[in-house]
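J.:
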Amino acid sequence: MMSKRAFLCSLGSLYLSLLFVFLLMDVYARPANNSALKEKAPDSKDENEILPPDHLNGVKMEMDGHLNKEFHQEVFLGKEMEEFEEDSEPRRNRKKLMAIFSKVDINKDRKISAKEMQRWIMEKTEEHFQEAVEENKMHFRAVDPDGDGHVSWDEYKIKFLASKGFNEKEIAEKIKNNEELKIDEETQEVLDNLKDRWYQADNPPADLLLNEGEFLSFLHPEHSRGMLKFMVKEIIRDLDQDGDKKLTLSEFISLPVGTVENQQAQDIDDDWVKDRKKEFEEVIDSNHDGIVTMEELEEYMDPMNEYNALNEAKQMIAVADENQNHHLEPDEILKYSEYFTGSKLMDYARNVHEEF
53 MMSKRAFLCS LGSLYLSLLF VFLLMDVYAR PANNSALKEK APDSKDENEI
103 LPPDHLNGVK MEMDGHLNKE FHQEVFLGKE MEEFEEDSEP RRNRKKLMAI
153 FSKVDINKDR KISAKEMQRW IMEKTEEHFQ EAVEENKMHF RAVDPDGDGH
203 VSWDEYKIKF LASKGFNEKE IAEKIKNNEE LKIDEETQEV LDNLKDRWYQ
253 ADNPPADLLL NEGEFLSFLH PEHSRGMLKF MVKEIIRDLD QDGDKKLTLS
303 EFISLPVGTV ENQQAQDIDD DWVKDRKKEF EEVIDSNHDG IVTMEELEEY
353 MDPMNEYNAL NEAKQMIAVA DENQNHHLEP DEILKYSEYF TGSKLMDYAR
403 NVHEEF
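Numbering (our numbering), first residue to last: 53 to 408.
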């Protein structure tokens with residue numbers, strides 16, 4: 053009969069053997085890197101630094117046509133979003149929330165009106181705008197190596213491909229000598245789309261050179277009316293199934309989350325359809341004719357539209373307005389804190405009077 057010590061030694065040897073096999077399998081399972089221009093791929097943060105982000109703070113829809121799930125929190129908290137973490141102490145978060153309530157409540161009547169909320173939404177949206185401007189300055193310096201205040205398409209393409217893991221010096225040399233670049237199909241497709249955006253951001257006279265302001269429009273189309281139109285066209289192009297450059301409800305809710313394989317996936321799909329249907333009918337389709345035009349979607353996407361901000365203020369208040377007085381009160385905002393801050397604050401009723 054095997055001793056306990058011998059058994060453990062045998063078990064350890066088996067574990068090391070299996071570990072070696074798994075490591076060997078992992079090496080052979082990795083795809084080969086056939087590009088001579090490729091280097092070690094950067095982490096995702098570096099990769100996205102000079103790539104226009106899909107998510108735009110304070111804008112209701114993502115670049116890919118998905119609804120911005122964090123919109124209400126972004127326009128209520130502004131730059132303070134990071135302060136409301138799920139693992140933060142609830143009492144501290146309640147105090148922060150009540151401090152924000154007091155700032156929104158301009159006339160200090162302990163109620164937030166739609167007009168007060170509208171003003172606050174515009175102020176927080178402007179904060180996101182300014183944050184994008186500051187980030188753009190840093191990104192522009194990164195892609196303007198000669199510091200001449202303009203970035204050519206080739207300069208940007210070199211930096212972009214370098215961020216995707218290609219050798220920057222070799223890419224620059226090949227572009228300078230008009231040599232063919234061996235780029236995979238997926239990266240080439242991204243480059244083609246980026247070049248379209250580059251053209252749109254390039255104000256007359258068109259020279260494919262972007263200054264800092266034009267580069268901001270390239271990365272953040274919400275800062276430019278012309279780029280906002282371009283973004284809307286892109287979204288409608290992706291969702292429009294019959295080619296009439298308008299969206300019906302069925303087209304708007306047809307963007308799939310994924311294949312429904314189980315009940316949980318079905319619930320996600322059901323929530324997807326429910327959210328998009330509500331947004332289409334109650335917000336985007338402003339004249340309620342069942343059709344969303346480019347103009348309607350453009351107004352919906354414009355983060356600095358005061359009329360939209362007022363409608364948003366009314367909607368946000370309605371979510372928590374339990375006494376139906378069309379105002380937001382301290383106990384209501386605490387009860388519905390997850391909607392406004394992303395953080396669920398427990399025992400709101402017992403603690404509301406402690407905060408004032």
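Positions of the beta carbon are idealized from the N, C-alpha and C atoms, including for glycine. Treat the numbers as computed from the prediction; the structure is a model and nothing was measured.
Tell me which residues share the same chain as V185 and place their Cβ nearer than 7 Å to its Cβ, disregarding the 5 neighbours each side in the sequence.
T.: Position 133 of the sequence shown, counted from the start, is the residue given in the question as residue 185. L268, listed in sequence order.
J.: Can you grab the Cα-Cα spacing for the pair V371 / E134, in whole Å?
T.: The residue given as residue 371 occupies position 319 in the sequence shown. The residue given as residue 134 occupies position 82 in the sequence shown. Rounded to the nearest angstrom, the two C-alpha atoms are 23 Å apart.
J.: Buried or exposed: P14, going by 16 or more other Cβ atoms within 10 Å of its Cβ?
T.: This structure leaves residue 14 out entirely; the chain is present only between 53 and 408.
J.: Report the partner residues of T345 according to the DSSP bridge assignment.
T.: Taking the sequence shown and counting its residues from 1, the one referred to as residue 345 is at position 293. T345 is not bridged to any residue.
J.: Which residues in the same chain as K266 place their Cβ atom closer than 8 Å to its Cβ, once the five residues preceding and following it in sequence are excluded?
T.: Stepping through the sequence shown from its first residue, residue 266 is reached at position 214. In the sequence as presented, Lys is not what sits at residue 266; that position holds Glu. Within the same chain, E266 has close Cβ partners A253, D254, N255.
J.: How many angstroms separate the CA atom of S281 from the CA atom of H275?
T.: The sequence position of residue 281 within the sequence shown is 229, counting from 1. The sequence position of residue 275 within the sequence shown is 223, counting from 1. With the sequence shown as reference, residue 281 is identified as Lys, and Ser is not the correct amino acid for it. Spanning the two alpha carbons is a distance of roughly 11 Å.
J.: Give the straight-line distance between the Cα atoms of H432 and D206, rounded to the nearest whole angstrom.
T.: An answer regarding residue 432 cannot be provided, because it is not within the stretch 53 to 408 covered by the chain.
J.: What is the DSSP secondary structure of L291, reduced to helix, strand or coil?
T.: Translated into the one-based positions of the sequence shown, residue 291 becomes position 239. Three-state DSSP puts L291 in a helix.
J.: Along the chain, where does the alpha helix (DSSP H) that runs through L213 open and close?
T.: Locating residue 213 in the sequence shown gives position 161, counting from the first residue. 205-215 is the span of the alpha helix (DSSP H), which, as asked, contains L213.
J.: Go ahead and pull the three-state DSSP assignment for L280.
T.: Taking the sequence shown and counting its residues from 1, one reaches residue 280 at position 228. In the structure shown, L280 sits in a helix (DSSP, three-state: H, G or I).
J.: Quick check: what's the CA-CA separation for K330 versus F123?
T.: In the sequence shown, counting from the first residue as 1, residue 330 sits at position 278. In the sequence shown, counting from the first residue as 1, residue 123 sits at position 71. One C-alpha to the other measures close to 15 Å.
J.: Count the other CB atoms, across all protein chains shown, that sit within 10 Å of the CB of D196; report buried if there are 16 or more and exposed otherwise.
T.: Numbered from its first residue, the sequence shown carries residue 196 at position 144. Buried.
J.: Across the segment 171-182 and the segment 220-236, are there enough close Cβ pairs to call them in contact, namely three or more that are closer than 8 Å?
T.: They do not touch, by the three-pair rule.
J.: Within a Cβ cutoff of 7 Å, which residues of the same chain sit near L70, ignoring the five residues on either side of it in sequence?
T.: Reading the sequence shown from its first residue, position 18 is the one you call residue 70. Only weak support exists for where L70 lies, its pLDDT of 41 falling under 50; the value from the coordinates is given anyway. Contacts found: none.
J.: Using a 10 Å radius around the Cβ and a threshold of 16 neighbouring Cβ atoms, would you call H340 buried or exposed?
T.: Position 288 of the sequence shown, counted from the first residue, corresponds to residue 340. Exposed is the call here.
J.: With DSSP as the reference, label L233 as helix, strand or coil.
T.: Along the sequence shown, one-based indexing puts residue 233 at 181. It is coil, neither helix nor strand.
J.: If you run the structure through DSSP and keep just helix, strand and coil, what is L108?
T.: Residue mapping note: residue 108 aligns to position 56 of the sequence shown, counting from 1. In this structure, L108 counts as coil in the three-state DSSP scheme.
J.: So H180 packs on N109, CB below 8 Å; how close in whole Å?
T.: As a first step, residue 180 must be located in the sequence shown, where it is residue number 128. As a first step, residue 109 must be located in the sequence shown, where it is residue number 57. About 4 Å separates the two Cβ atoms, so the contact holds.
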